[in-house]
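Just remember that the numbering used here sits 75 ahead of the position in the sequence shown, which is counted from 1.
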Amino acid sequence: MEKHFKLISMAPLFLLLCFPFAFAGHDYGQALSKSILFFEAQRSGYLPHNQRVTWRANSGLNDGKSSGVDLVGGYYDAGDNVKFGLPMAFTITMMSWSIIEYGKQMAASGELSHAMAAVKWGTDYFIKAHPEPYVLYGEVGDGNSDHYCWQRPEDMTTDRRAYKIDTSNPGSDLAGETAAAMAAASIVFRRSNPAYANELLAHGHQLFDFADKYRGKYDSSITVAQKYYRSISGYNDELLWAAAWLYQATNNQYYLNYLGNNGDSMGGTGWGMTEFGWDVKYAGVQTLVAMFLMQGKAGHHAPVFERYQQKAEYFMCSCLGKGTRNVQKTPGGLIFRQRWNNMQFVTSASFLATVYSDYLASAGRSMTCASGNVAPSELLSFAQSQVDYILGDNPRATSYMVGYGNNYPRQVHHRASSIVSIKVNPTFVSCRGGYATWFSKKASDPNVLIGAIVGGPDAYDNFADERDNYEQTEPATYNNAPILGILARLNGGHGGYNQLLPGPTQQKPAPQPKATPAPASTSAPISIEQKMTTSWNAKGKTYYRYSITVTNKSAKTLTDLKLSISKLYGPMWGLTKSGDSYAFPSWLNSLPAGKSLEFVYIHSASAADVSVSSYTLA
């Protein structure tokens, strides 16, 4: 457990870039499977019939009972038995982002359903933890009493008190991160379970409203979290992060405006970061906003979004060692941020580098660092180097993913894996007895914690595989969540560089009334008729061809026509892009009375919104 703390066109983006389909050297598919399996070992609550980590059993079945709320479920964050809301929510956000970007690759290797189940185990818990719009339970159990004991989750005798934030005791960082998790997860379930996705979005909207309206740091309200997950960065980064994910999930202009209007004052455009993790989200926000910019969604916020992107690229350059302030690396090449669970920063930074590499490739552009131009492939190579180090390409030839390879940590700082399974020996393990019998035992764990990524080596690539060496041998859910996406990408290839063509976003708007209403789909002298003409399947996705007929119903000649088109996610033919609008094609200057113009587009979503912005009748 952590103790501290340039707009692009809408033309097709099918780029023939020469990345290899799958990299050699490591079995990324096997590593992906194991990294997802780890989450089943971290489950709290009633375990399902299809539980694959069979040495675990039900636990925490009275969580929330003393507070009159059902808080059974969720995840233990690391090697202890506490449920900390902030890192759990970040874990779910990052798992969801991994699936959003690389779900196709996960499906190809048969792991998508497992990854989605891992997300849902978290979001089911968050629904319970958010019983009222302005109430969110952010912790179950107490780190101090929990750490006094070394027990299996199934034997817990420690205090299971529940701690919450509300209007009198706010926590914008906790509520904001949970809003981000719900919004990101809603995208994951949008097609397979739309009712559930809408339920998650409803919670996301409410949680963002709670976070924004009642400002405050959560660890000032849930003070028992301060020793373990102190919010050092404050809450502005989580507010921007939540707004970005809610925009991605809903396409609601309210959230885009929030990012544009608050980017400067909340640090989104000002902080040049060299880390990304459960506490500090700025680099993640900057990467998402850079994506919105490259998708052509910035509108009049483009100057602000360009500053977000500059800071996103500052982070990427620092990871590559080509910036003005670079991240520290070990002699073996691993990012090094701190002694205590350094690996969390490695996986999260590598994930951002992976997705940004694909965003750049999708947009057909490169990146400029202090030391020169950087191709997208260089970012992906950096991410691969970090993953390969984790999997064993390091001076110690040690895999820091438990169960991968032959030389991996055998004495993990983890209560459940270090004590014999209750299914093998149901004899009760007492609070202090667990330390005497199991913690101090200089032997391999009786239960292999397959897929867990431990804290990792020190600044000089040294590592001691000892159970009491919690800085290096303790795993955490937020170490694993970002690597799911990287492993899927390395195993499955780029999938057509479609990162800038998101899926459909037909969702309910946020409850805030401040968003400007959408324009009408027709204007009296001009009619717009839209119909789907054909559809087909390609690589598991359904594509639709839409035909739009614009007719001049007036008695005059139509000139200077400007159309507004939103929710368009693919190539279009028959119009010319003109700023934020679309105009007549180059071969047509006007539309005589009674005549029509046809244009077409293709994407894998329901029909785009087409409306008239302006025109002249002469």
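All residues carry an ideal CB built from backbone N, CA and C; glycine is no exception.
When the five nearest sequence neighbours on each side are left out, the beta carbons in the same chain lying within less than 7 Å of the beta carbon of F411 are those of Q403, K404, T405, N417, A534, in order along the chain.
Counting only residues of its own chain and dropping the five nearest sequence neighbours on each side, S671 has a CB closer than 7 Å to the CB of T624, V625, T626. The three-state secondary structure of P470, taken from DSSP, is coil.
In the same chain as K616, and ignoring 5 residues on each side of it, the C-beta atoms closer than 7 Å to its own belong to S679, in chain order.
Burial check for T609: the Cβ neighbour count within 10 Å stays below 16, so the residue is exposed. Restricting attention to V379, A106, N522, Y464, the CA atom closest to the CA of G335 is found in V379. A straight-line Cα-Cα distance of about 30 Å links S220 and L282. Secondary structure in the segment 159–240: the beta strand (DSSP E) runs of 3 residues or longer, each lying completely within the stretch, are 211–215, 237–240 in chain order. Here S679 carries a coil assignment [DSSP, helix/strand/coil].
The DSSP-derived three-state label of S110 is helix. Residue pairing by DSSP places C444 opposite G447 in a beta bridge. Residue ranges of uninterrupted alpha helix (DSSP H) with 4 or more members are absent from the segment 380–406; none lies entirely inside it.
DSSP lists I623 as the beta-bridge partner residues of F674. Only buried fits D287, as 16 or more other CB atoms lie within 10 angstroms of its CB. In the displayed model, G345 falls within coil according to three-state DSSP, outside both helix and strand. For K606, there is no enclosing alpha helix (DSSP H); the enclosing beta strand (DSSP E) has its first and last residue at 601–613. In this structure S119 does not touch G160 by the C-beta definition: roughly 13 Å separates them, more than the 8 Å allowed. In the assembly as shown, F674 is a buried residue. Its beta-carbon has 16 or more other beta-carbons within 10 Å. Here D354 is buried. Its C-beta has 16 or more other C-beta atoms within 10 Å. Inter-residue distance for K179 and I167 is about 18 Å (C-alpha atoms, whole angstroms). Under the three-state reduction of DSSP, R490 is assigned to helix. 8 Å or more divides the Cβ of Y357 from the Cβ of G338. The DSSP-derived three-state label of Y618 is strand. Counting along the chain, L636 sits inside the beta strand (DSSP E) bounded by residues 633–641. For the pair H189 and K516, the Cα-to-Cα distance works out to about 33 Å.
Between the segment 501–517 and the segment 224–236, the count of C-beta pairs closer than 8 Å reaches three or more; the two stretches touch. Exposed is the label assigned to S141, since fewer than 16 other Cβ atoms lie within 10 Å of its Cβ.
For a cut-off of 8 Å, the C-beta gap from Y479 to K109 is around 6 Å, short enough to register as a contact. With respect to the C-alpha of A377, the residue from I558, G398, L331, N469 having the closest C-alpha is L331. For K288, the enclosing alpha helix (DSSP H) has its first and last residue at 269–288. Counting along the chain, K652 sits inside the beta strand (DSSP E) bounded by residues 651–653. For A658, the enclosing beta strand (DSSP E) starts and ends at 656–658. Around L663, the same chain offers L672 as residues with beta carbons nearer than 8 Å, after the five sequence neighbours per side are excluded. At a Cβ-Cβ threshold of 8 Å, M170 and A556 count as neighbours.
Close CB contacts of Y619 within its chain, under the 6 Å cut and outside five residues either way in sequence, are with M607, S610 (chain order). In this structure, DSSP gives G480 a state outside helix and strand, which the three-state scheme calls coil.
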